[in-house]
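Okay, so here's the structure we're looking at.
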Amino acid sequence: MNGKLGIGFVGVGWMGSVQLKRLLERDDVEVRHVCQPDKPGALRVLDELGLPHSLYTPDYDQVVADKGIDCVWLVSPNRFHGPQSIQALQAGKHVFCEKPCATKYDEYCTQLELARSNPRLMTFVDYILYFDAMEQNLREMVARDEFGAITQIQVNYRHPINIAGDKAWKLSREVMGDAMGMGIIHSLSVIYWIMQSQARPVSVFASAMPAQVRPFEALSIWNIQIHFDNGATGFCFGNIDTSKGYDAYHNLSGTKGGFIFDSQTDHSHKVRLWSEKTTDGRWIYPLDAARCEREGVGQLAWPADTSTPDSGDVIHHQTAEAVGHFLECVKSGRQSPLSFVNAAPITELGWAALVSAELKRPVELPLEPAAAREILARADSAASA
Ligand SMILES: NC(=O)c1ccc[n+]([C@@H]2O[C@H](COP(=O)([O-])OP(=O)(O)OC[C@H]3O[C@@H](n4cnc5c(N)ncnc54)[C@H](O)[C@@H]3O)[C@@H](O)[C@H]2O)c1
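Pasting the structure below:
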């Protein structure tokens, strides 16, 4: 061995080719396999990245059987994440997994069991907004009590996901799973993290309707209410079918302040916030440094390159941060906050929304696994009938 972490890379499409590129920028990994059924597509990416064709394999069994592989990197279509991660954990590999971690509740339960019983294997589900700079600022401000107790928080995910060309698999419920895993889970993750320092979710009430514009098989338009143990409420409008641009609107209302992120306006006005503690109760625009200066709050301005969570293009995502973070976890032996186990309360919000929409009533958290299994299996068979 050369001291580098051996990577088995699985699925080099839109997101995968960006992540593979990020891995190649590092000197602590060796990509040993690039695996997917589509050979011409894989060879095209290998050529673009200057990698030898010998890295290509269509055979996932070969990837997990390779003793030189430390980490399996899953960026395949959604329905493969569950079985491929289970197989990788059973073979003793660390697992980086794109969201969703599974499209079937049973697979999710098996993943959790395996991850819990193999704590030395690092796992990761790519709820990538964890790494966004605005989200980090916001989480820290809430934790520092800059807005007091948050009583209401709304975070939208309305973004017409890409179904062009070979991404048409996203129209199939069997391959895509549900709309939660296709993106709406990002909003739920953000609500969870922002509230994490103050409260924990205790129930979910969701409703959904079919896509209206494009032929998604899965319900694509979601309204999700999360209730917290301190009485606060979180709300998400989710829509993967259609929207004008990328709507990641945030609105937090606290007892001593508030925060609004409007993803659909010019950069310097996207964020405004007020706080009794830090802005003397006045609204300020931290992405407009000149205005902060004029208004005597220059010290509260954010750096001009602060990222915001409103790009539908994976090129702009914090992929390098996510990749680096996971590799650090593997090297240090410390599980990520986004490990299968640590991120389970977020993943569970998504399952709870599906259960709630099926039952048409609020459901309590944590889910009771046997009941959730039965309800979600029923929903699956009704949808495929
Ligand atoms: N975290 C994010 O914000 C984010 C953003 C975009 C995509 N994603 C996720 O990345 C994954 C890939 O999405 P995409 O948009 O890149 O799709 P894509 O269709 O461009 O890429 C999927 C790739 O997987 C390959 N593939 C198909 N079947 C496979 C199998 N059985 N095993 C291995 N590979 C297989 C395909 O040939 C293709 O190259 C999805 O799970 C998606 O949810 C996450």
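The sequence shown begins at 76 in this note's numbering and counts up one residue at a time.
For each residue, glycine too, the CB sits at the ideal point set by N, CA and C.
All of these numbers come straight from a predicted model, not from anything done at the bench.
Using the rule of at least 16 other Cβ atoms within 10 Å of the residue's Cβ for burial, across every protein chain shown, is residue 284 buried or exposed? exposed
Three Cβ pairs or more, each shorter than 8 Å: is that satisfied between the region 293-307 and the region 351-365? no
Quick check: is any heavy atom of ligand 1 less than 7 Å from the C-beta of residue 335? no
Buried versus exposed call for residue 191 [16 or more other C-beta atoms within 10 Å across all chains shown]: exposed
C-beta contact flag for residue 86 and residue 145 at 8 Å: no
Leaving out five residues on either side along the sequence, give the residues of the same chain with a beta carbon under 6 Å from the beta carbon of residue 315. 236, 254, 257, 258 and 295
Any contact of the region 160-168 with the region 395-413, i.e. 3+ C-beta pairs under 8 Å? no
Under 7 Å from any heavy atom of ligand 1, does the C-beta of residue 106 make it? no
Cβ-Cβ separation, residue 180 to residue 451 (assumed contact under 8 Å), whole Å: 5 Å
Following the continuous beta strand (DSSP E) through residue 445, name the residue where it begins and the one where it ends. That residue, residue 445, is in no beta strand (DSSP E); its alpha helix (DSSP H) goes 444-459.
Compute the Euclidean distance between the alpha carbons of residue 240 and residue 173, then round it to the nearest angstrom. 20 Å
Closer than 7 Å by C-beta to residue 431: which residues in its own chain qualify, once you throw out the five before and the five after it? Chain order, please. 279, 280, 281, 437 and 438
If you run the structure through DSSP and keep just helix, strand and coil, what is residue 162? helix
At a cut-off of 7 Å, would you count residue 479 as near ligand 1, judging by its Cβ distance to the nearest heavy atom? The chain is shown from 76 up to 460; residue 479 falls before or after that span and cannot be answered.
Quick check: does the Cβ of residue 144 come within less than 7 Å of any heavy atom belonging to ligand 1? no
Helix, strand or coil for residue 307, going by three-state DSSP, please let me know. coil
Minimum C-alpha distance to residue 219 - residue among 400, 332, 242 and 385: 332
First through last residue of the beta strand (DSSP E) which encompasses residue 105: 104-110
Consult DSSP for residue 297 and reduce its assignment to one of helix, strand or coil. strand
Using three-state DSSP, classify residue 284 as helix, strand or coil. strand
Are the CB atoms of residue 420 and residue 267 nearer to each other than 8 Å? yes
Which residues DSSP lists as bridging residue 237, in chain order: Beta-bridge pairing links residue 237 to no other residue.
Considering Cα atoms alone, identify which of 376, 442 and 213 is closest to residue 223. 213
Name the one or two DSSP bridge partners that residue 181 has. Per DSSP, none; premise fails for residue 181.
Give the list of continuous beta strand (DSSP E) stretches no shorter than 3 residues that lie fully inside the region 185-244. 198-200 and 225-230
Residue 463 in three-state terms, based on DSSP: Given that the chain is displayed from residue 76 to residue 460, the structure contains no residue 463 and the question cannot be resolved.
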